[in-house]
Amino acid sequence: MRVVAFILGLQAAAAAFAVGGTSYAGPAGIEAKFDYCQTCHGPSAQGFRGYYTMPRLAGQQPQYIMNQLHAFMAGRRHMPIMQRVVTGLTPDMIAPLAQRLNRLNPPPYVSGGLGSASVGRSIFESGIPEANIPACVVCHAPSATGHNQIPRLAGQLPWYLAKTLANWERERHTETSAIMAPIARNLSPAQVSAIAAYVSTLR
Amino acid sequence: MNRFGSKIMALAILLGSASPLLAEEELQIRNCTFCHGVSGQGFMVSPRIAGQRPQYIENQLNAFIGHIRDNPYSKKYMWNAAANVSPERVHALAGYFSSLEPRPANDGSQELAAAGRQIFEEGIPTRNVVACIVCHAPNAEGVRQIPRLGGLSYLYVKRQLNQWNEGYRQAAQPMPRVAKFLSPDEIEALASFLSFVDNRSPQALQAPQP
Numbered sequence: 019m020r021v022v023a024f025i026l027g028l029q030a031a032a033a034a035f036a037v038g039g040t041s042y043a044g045p046a047g048i049e050a051k052f053d054y055c056q057t058c059h060g061p062s063a064q065g066f067r068g069y070y071t072m073p074r075l076a077g078q079q080p081q082y083i084m085n086q087l088h089a090f091m092a093g094r095r096h097m098p099i100m101q102r103v104v105t106g107l108t109p110d111m112i113a114p115l116a117q118r119l120n121r122l123n124p125p126p127y128v129s130g131g132l133g134s135a136s137v138g139r140s141i142f143e144s145g146i147p148e149a150n151i152p153a154c155v156v157c158h159a160p161s162a163t164g165h166n167q168i169p170r171l172a173g174q175l176p177w178y179l180a181k182t183l184a185n186w187e188r189e190r191h192t193e194t195s196a197i198m199a200p201i202a203r204n205l206s207p208a209q210v211s212a213i214a215a216y217v218s219t220l221r
Numbered sequence: 274m275n276r277f278g279s280k281i282m283a284l285a286i287l288l289g290s291a292s293p294l295l296a297e298e299e300l301q302i303r304n305c306t307f308c309h310g311v312s313g314q315g316f317m318v319s320p321r322i323a324g325q326r327p328q329y330i331e332n333q334l335n336a337f338i339g340h341i342r343d344n345p346y347s348k349k350y351m352w353n354a355a356a357n358v359s360p361e362r363v364h365a366l367a368g369y370f371s372s373l374e375p376r377p378a379n380d381g382s383q384e385l386a387a388a389g390r391q392i393f394e395e396g397i398p399t400r401n402v403v404a405c406i407v408c409h410a411p412n413a414e415g416v417r418q419i420p421r422l423g424g425l426s427y428l429y430v431k432r433q434l435n436q437w438n439e440g441y442r443q444a445a446q447p448m449p450r451v452a453k454f455l456s457p458d459e460i461e462a463l464a465s466f467l468s469f470v471d472n473r474s475p476q477a478l479q480a481p482q483p
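Chains A and B, in that order, give the protein sequences.
Our numbering puts the first residue of the first sequence at 19, with every later residue one more than the last.
Our numbering puts the first residue of the second sequence at 274, with every later residue one more than the last.
As structure tokens, then:
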């Protein structure tokens, strides 16, 4: 009986190994890890507002997701919850998870809220020259979809954007945020809320 | 002040001082406290509802009325109990019970509490168990529609986690997804830890946003 169970176990392990080196089944497989992401970030990764706000990952730029997961692993981005989560991932899982999250396209979690979307749109498209705030659209693209390592903001939860800008220098290592750190510092809370409201409505 | 004025004044004071009692009678809270305990602290299989988040209480009552919350005791007791409660009364009952002080049940195993706290705060990343605090807040006090777990009875929390794995309450996402990665020992530890969490401090009652 034990021998049979052992052989079956070996076969299962071999079958899992055969799928391109990454195991797809079992609690350490990529299917279970994707499930793990969905638990907090939502079944279609649209984000979720719990006590903390879990950001939308659906449609996010794969390069940005990969960079963030590597930053959590290396301790370059300080965020205890995600730094613990990545201890359950292996480096070879990062690219496939990022690709899968990028392919999801649910509607935004909420539209608007917090601040004035029309003020936000004006800052997003034209910046605030007198406060040294460049137009967000220059890097984040006209419909806020992002590009390569620059994140998509479209459909992001407004509470998450507000928290991210408020915590910028505490959470992110300065070398990765040469552009964003001064912007986050110079925006007023009302301006942050306005931008958050505007981009949360974009699809 | 004339005599009419002073009578109106006296009436107003009388009504004002009597209004909480009148409200309780109008609400017929005894229909609830008969099972949930005189001050809503829970009894046997009936969970504590004192100090629960008002939005959560409303959502649950509506889920009983709509036959969405489908675990056996909900079907057996709460579907009938909630069947004829009007939306106004649902709202008022939620307001009333959420305002009562939540006392801890303390019925778990002390030896398992430390293990339970670690799962609650950190999760178990290698086994895909998420940290409960991300939704239920650092002192298990809950927020908005997310329930307060601090001090709920060991028996109740354990049964809910098991029932998600038995296929009940599947509409209560993300909990079915959370529960499926928990082992029986981990459920024991979490339910034990939570039964000792005392949420009677002012900051635990408020659940400020981070």
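Where is the CB? At the ideal position from N, CA and C, for every residue including glycine.
Computed from a predicted model, the values in this text were never measured in an experiment.
query	result
Distance between A:C58 and B:G370 (C-alpha atoms, nearest Å)	Per the sequence shown, residue 370 of chain B should be read as Phe rather than Gly. Whole-angstrom Cα-Cα distance: 29 angstroms.
Cutoff 7 angstroms: A:R190 Cβ touching any chain B Cβ	no
Amino acids of chain A, ordered along the chain, whose beta-carbon sits closer than 8 angstroms to that of B:A404	I99 and R102
For A:S161, three-class secondary structure by DSSP	coil
B:G440, buried or exposed, once every other Cβ within 10 Å from all chains shown has been counted against 16	exposed
Cβ pair A:P45, B:R400 closer than 7 angstroms	yes
Distance between A:L75 and A:G130 (C-alpha atoms, nearest Å)	18 angstroms
Below-7 angstroms beta-carbon distance, B:V470 vs any chain A residue	no
Per-residue burial, B:Q325 [other beta carbons within 10 Å of its own, 16 or more giving buried]	buried
Complete alpha helix (DSSP H) runs within the segment 33-116 of chain A (minimum length 4 residues, chain order)	48-59, 80-92 and 98-103
Backbone CA spacing between B:A387 and A:G47 [nearest angstrom]	29 angstroms
Proximal residues of chain B, C-beta to C-beta of A:D53 below 7 angstroms	N401 and R450
Residue interval of the alpha helix (DSSP H) (run including B:Q484)	What is shown of chain B runs 274 to 483, which leaves residue 484 of chain B out entirely.
Of the residues A:I197, A:P200 and A:W186, the one placed nearest A:R95, counting alpha carbons only	A:W186
Alpha-carbon to alpha-carbon, B:I397 and B:L467	17 angstroms
Minimum C-alpha distance to A:Y178 - residue among A:G65, A:R102 and A:S195	A:G65
Test: A:T57 CB closer than 7 angstroms to a CB of chain B	yes
A:A180 at chain B interface by Cβ criterion, 7 angstroms	no
A:I168 and A:C154 closer than 7 angstroms at C-beta	no
Distance CB(B:Q406)-CB(B:L434) smaller than 7 angstroms	Per the sequence shown, residue 406 of chain B should be read as Ile rather than Gln. Going by C-beta atoms, B:I406 is not nearer than 7 angstroms to B:L434.
Cβ of B:V430 within 7 angstroms of any chain A Cβ	no
Between the CA atoms of B:Q418 and B:E331 - distance to the nearest angstrom	9 angstroms
Nearest-angstrom beta carbon gap, A:T219 and A:I73 [assumed within contact, 8 angstroms]	It should be pointed out that residue 73 of chain A corresponds to Pro in this sequence rather than to Ile. Not quite, the Cβ-Cβ distance comes to about 16 angstroms (not below 8 angstroms), so this is no contact.
Whole-angstrom distance between A:P124 and A:I201, CA atom to CA atom	29 angstroms
Residue-chain proximity (A:G106, chain B), Cβ-Cβ < 7 angstroms	yes
Supposed contact pair A:P176 and A:A214 - C-beta distance, whole angstroms, cut 8 angstroms	4 angstroms
Minimum Cβ-Cβ distance from A:A50 to chain B less than 7 angstroms	yes
Any C-beta of chain A under 7 angstroms from that of B:A410	yes
Proximity to A:S140 [Cα-Cα], best of A:H88, A:T163, A:V217 and A:L132	A:V217
Test: B:E395 CB closer than 7 angstroms to a CB of chain A	yes
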